[in-house]
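A.B. asks: Just so we're aligned, residue 102 is where the sequence shown starts under the numbering used here, counting upward by one.
Positions of the beta carbon are idealized from the N, C-alpha and C atoms, including for glycine.
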Amino acid sequence: MKVLVINSGSSSIKYQLLDPATADVCAQGVVQRIGEAVEPDVVTVEHTTGEKTFEYRGAIADHAQGLHVAFDLFIASGQDLADADLGAVGHRVVHGGEVFYEPTLITDDVVQAITDLSALAPLHNPPNVIGIESARALLPTVPQVAVFDTAFFHNLPAAAKTYAIDAETAAAHGVRKYGFHGTSHDYVSGQAAAFLGKDRAELNQIVLHLGNGASASAIRAGRAVDTSMGLTPLEGLVMGTRSGDLDPGIIFHLIRTAGMNVDDVDALLNRYSGIKGLSGVNDFRELGRLIETGHPTAKLAFDVYIHRLRRYIGAYLIELGQVDAITFTAGVGENDARVRAEALAGLERYGIRVDPDRNTAKARTARRISADDSEIAVLVVPTNEELAIARAAADLVG
Ligand code: AMP
Numbered sequence: 102m103k104v105l106v107i108n109s110g111s112s113s114i115k116y117q118l119l120d121p122a123t124a125d126v127c128a129q130g131v132v133q134r135i136g137e138a139v140e141p142d143v144v145t146v147e148h149t150t151g152e153k154t155f156e157y158r159g160a161i162a163d164h165a166q167g168l169h170v171a172f173d174l175f176i177a178s179g180q181d182l183a184d185a186d187l188g189a190v191g192h193r194v195v196h197g198g199e200v201f202y203e204p205t206l207i208t209d210d211v212v213q214a215i216t217d218l219s220a221l222a223p224l225h226n227p228p229n230v231i232g233i234e235s236a237r238a239l240l241p242t243v244p245q246v247a248v249f250d251t252a253f254f255h256n257l258p259a260a261a262k263t264y265a266i267d268a269e270t271a272a273a274h275g276v277r278k279y280g281f282h283g284t285s286h287d288y289v290s291g292q293a294a295a296f297l298g299k300d301r302a303e304l305n306q307i308v309l310h311l312g313n314g315a316s317a318s319a320i321r322a323g324r325a326v327d328t329s330m331g332l333t334p335l336e337g338l339v340m341g342t343r344s345g346d347l348d349p350g351i352i353f354h355l356i357r358t359a360g361m362n363v364d365d366v367d368a369l370l371n372r373y374s375g376i377k378g379l380s381g382v383n384d385f386r387e388l389g390r391l392i393e394t395g396h397p398t399a400k401l402a403f404d405v406y407i408h409r410l411r412r413y414i415g416a417y418l419i420e421l422g423q424v425d426a427i428t429f430t431a432g433v434g435e436n437d438a439r440v441r442a443e444a445l446a447g448l449e450r451y452g453i454r455v456d457p458d459r460n461t462a463k464a465r466t467a468r469r470i471s472a473d474d475s476e477i478a479v480l481v482v483p484t485n486e487e488l489a490i491a492r493a494a495a496d497l498v499g
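1. If we ignore side chains and look at the alpha-carbon of each, how far apart do P258 and Q306 end up?
2. With the cut-off set at 7 Å, would you say D125 and K103 are in Cβ contact?
3. If you draw a straight line from the C-alpha of R357 to the C-alpha of N371, how long is it?
4. Verify the contact flag: F429, CB atom, against every heavy atom of the ligand FMN, threshold strictly below 6 Å.
5. Residues with a Cβ closer than 5 Å to any heavy atom of the ligand AMP, in chain order?
6. If we ignore side chains and look at the alpha-carbon of each, how far apart do E137 and S109 end up?
7. From L240 to G188, what distance separates their C-alpha atoms?
8. Taking all protein chains shown into account, do 16 or more other C-beta atoms lie within 10 angstroms of the C-beta of I419, making it buried, or fewer, making it exposed?
9. Quick one: residues in its chain with C-beta nearer than 8 Å to the C-beta of Y288, no 5 flanking neighbours on either side, listed in chain order?
10. How many whole angstroms separate the CB atoms of H380 and A368, which I take to be in contact at a CB cut-off of 8 Å?
11. Is DSSP giving G389 helix, strand or coil here?
12. Tell me the start and end of each unbroken beta strand (DSSP E) in the region 382 to 450 that is at least 3 residues and wholly inside, in chain order.
13. Less than 7 Å between the C-beta atoms of L338 and R411, yes or no?
14. Let me confirm a value: S353 is counted as buried when at least 16 other C-beta atoms fall within 10 Å, else exposed. Which label applies?
15. Please report the distance separating the alpha-carbon of A438 from that of T461.
16. Taking just the CA atoms, how far does V440 sit from I470?
17. State the DSSP-derived secondary structure class of S112, mapped to helix, strand or coil.
18. I think L297 touches G434, with their Cβ atoms under 8 Å apart; what is that distance to the nearest whole Å?
19. Express the C-alpha separation of I161 and P334 in angstroms, rounding to a whole number.
20. Whether or not the region 234 to 249 and the region 200 to 218 are in contact is what I'm after, with contact meaning three or more pairs of Cβ atoms, one per stretch, closer than 8 Å; do they touch?
21. Tell me which same chain residues have a C-beta within less than 7 Å of the C-beta of D456, skipping the five on either side of it?
22. At which residues does the alpha helix (DSSP H) containing E269 begin and terminate?
23. Between V132 and T145, what straight-line distance do the alpha-carbon atoms span, to the nearest angstrom?
24. Hey, could you find the ends of the beta strand (DSSP E) K463 is sitting in?
25. Of the choices L174, I135 and T251, whose alpha-carbon is the least far from that of A165?
26. Whose C-beta lies closer than 6 Å to the C-beta of P228 among residues of the same chain, with five residues either side of it excluded?
27. Use the C-beta contact count for K262: other C-beta atoms within 10 angstroms, 16 or more gives buried, fewer gives exposed.
28. Could you have a look at A177 and say whether DSSP puts it in helix, strand or coil?
29. Candidates T150, A491 and H169: which alpha carbon is nearest G179's?
30. Assign T205 to one of two classes, buried (16 or more other C-beta atoms within 10 Å of its C-beta) or exposed (fewer than that).
31. What's the C-alpha gap between N226 and I392?
32. In angstroms, rounded to a whole number, what distance separates the CA positions of G197 and G395?
33. Give every residue of the same chain whose Cβ lies closer than 7 Å to the Cβ of D186, excluding the five residues on either side of it in the sequence, and list them in chain order.
34. Report the rounded CA-to-CA distance for E147 versus V479, giving the unit in angstroms.
35. Considering only C-alpha positions, which residue in the set E336, T428 and G452 is nearest to S285?
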């Protein structure tokens with residue numbers, strides 16, 4: 102059985118057709134610049150099968166057209182989805198609120214409930230719903246499954262998920278820590294346990310998902326007990342374009358004194374902050390180059406990023422009491438040896454000793470970067486949210 106995994110964003114759709122049993126990727130692609138007026142020669146859909154890439158050029162009016170074009174590219178590449186032994190479509194859905202914490206077969210009621218959760222994730226759930234609706238229209242006989250980014254954190258202990266604000270207001274408006282990137286934290290902690298030859302139930306783990314978005318989690322015996330993202334994916338670590346933690350008073354200050362409204366501050370903190378806000382670039386490869394050239398604020402951006410990351414690592418070491426593994430994952434975590442080295446520098450007395458050669462060795466698979474005498478294993482484990490979603494969808498539809 103194959104599963105088509107769809108990650109539908111506000112102006113893009115990423116998709117992958119894969120075999121959940123073998124993890125083989127049969128095809129993948131991305132539809133970009135949805136809703137934008139682009140020149141007819143601009144590539145908006147790129148579809149890859151094996152070594153071959155197929156392109157579509159020109160404007161994509163909406164998500165439905167985007168998926169339609171992608172499905173045509175499947176056919177053009179000799180892989181008609183109608184004959185592809187397609188067992189399910191798995192959709193990444195960002196916010197499941199208090200309602201959804203397991204992979205869920207999509208029905209009209211489920212679509213409505215995900216739509217109703219849009220108040221909690223106005224940037225994410227509406228495009229997720231559009232992706233779901235478009236895929237259901239194009240593949241009406243294939244079961245569709247929603248897999249929620251918040252699910253892994255559904256059972257956070259009360260002390261970890263509760264914000265210290267008026268309890269009635271919080272309850273009335275669903276204000277609690279939900280956490281995000283859960284599919285990745287779940288998958289990576291499982292892979293880390295497998296790498297160590299242990300059952301997850303035997304391990305306490307810290308997972309650092311450091312991509313363009315970034316989050317940390319503390320996992321006790323397979324259950325998430327804390328995570329850095331909150332009601333929204335804005336809280337916590339410094340990210341590519343998001344501020345992460347800050348004094349909430351900054352928001353009132355900017356609204357009162359800088360002539361900004363709520364939407365301006367929302368855009369500032371989500372899109373023009375983080376590494377980009379401090380250095381002008383959000384990609385760590387570019388940040389590294391800027392640091393080399395002596396750029397005035399690039400090193401500060403890096404230092405602020407590391408400072409925040411160490412603060413969370415310290416907090417989770419204390420929360421868990423005893424930690425077996427710290428695992429880096431996602432674009433920065435998997436590739437940036439300097440971030441890994443600095444995040445864990447000088448922590449030998451806490452049982453953490455990174456081996457510099459192992460840390461800088463290039464590899465695409467799960468690996469240990471700690472020294473043999475490091476009490477806590479430090480690992481790099483590639484995340485694979487698409488595979489995790491495909492497996493969840495396949496398990497659900499049997
Ligand atoms: P993700 O959100 O997991 O796709 O991660 C994307 C981010 O990973 C990019 O914005 C970069 O900052 C970072 N990244 C990707 N490749 C590398 C690399 N080779 N070295 C350092 N950072 C990288």
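C.D. replies: Well, looking at it:
1. 16 Å
2. no
3. 19 Å
4. As for the ligand FMN, it is missing from this structure, which binds only the ligand AMP.
5. G312, N313, D384, F385, R386, A431, G432, V433, N436 and D437
6. 16 Å
7. 11 Å
8. exposed
9. T484, N485, E486, L488 and A489
10. Note on identity: in this sequence residue 380 is Ser, with His being the wrong assignment. About 18 Å; that fails the 8 Å criterion.
11. helix
12. 426 to 430
13. no
14. Looking at the sequence shown, residue 353 is not Ser but Phe. Exposed is the call here.
15. 6 Å
16. 13 Å
17. coil
18. Not really, about 18 Å apart at Cβ, beyond 8 Å.
19. 28 Å
20. yes
21. I470, S471 and A472
22. A268 to A273
23. 6 Å
24. Segment: none, K463 is in no beta strand (DSSP E) and carries neither H nor E.
25. I135
26. S109, G110 and S111
27. buried
28. helix
29. T150
30. buried
31. 37 Å
32. 44 Å
33. M102 and K103
34. 36 Å
35. T428
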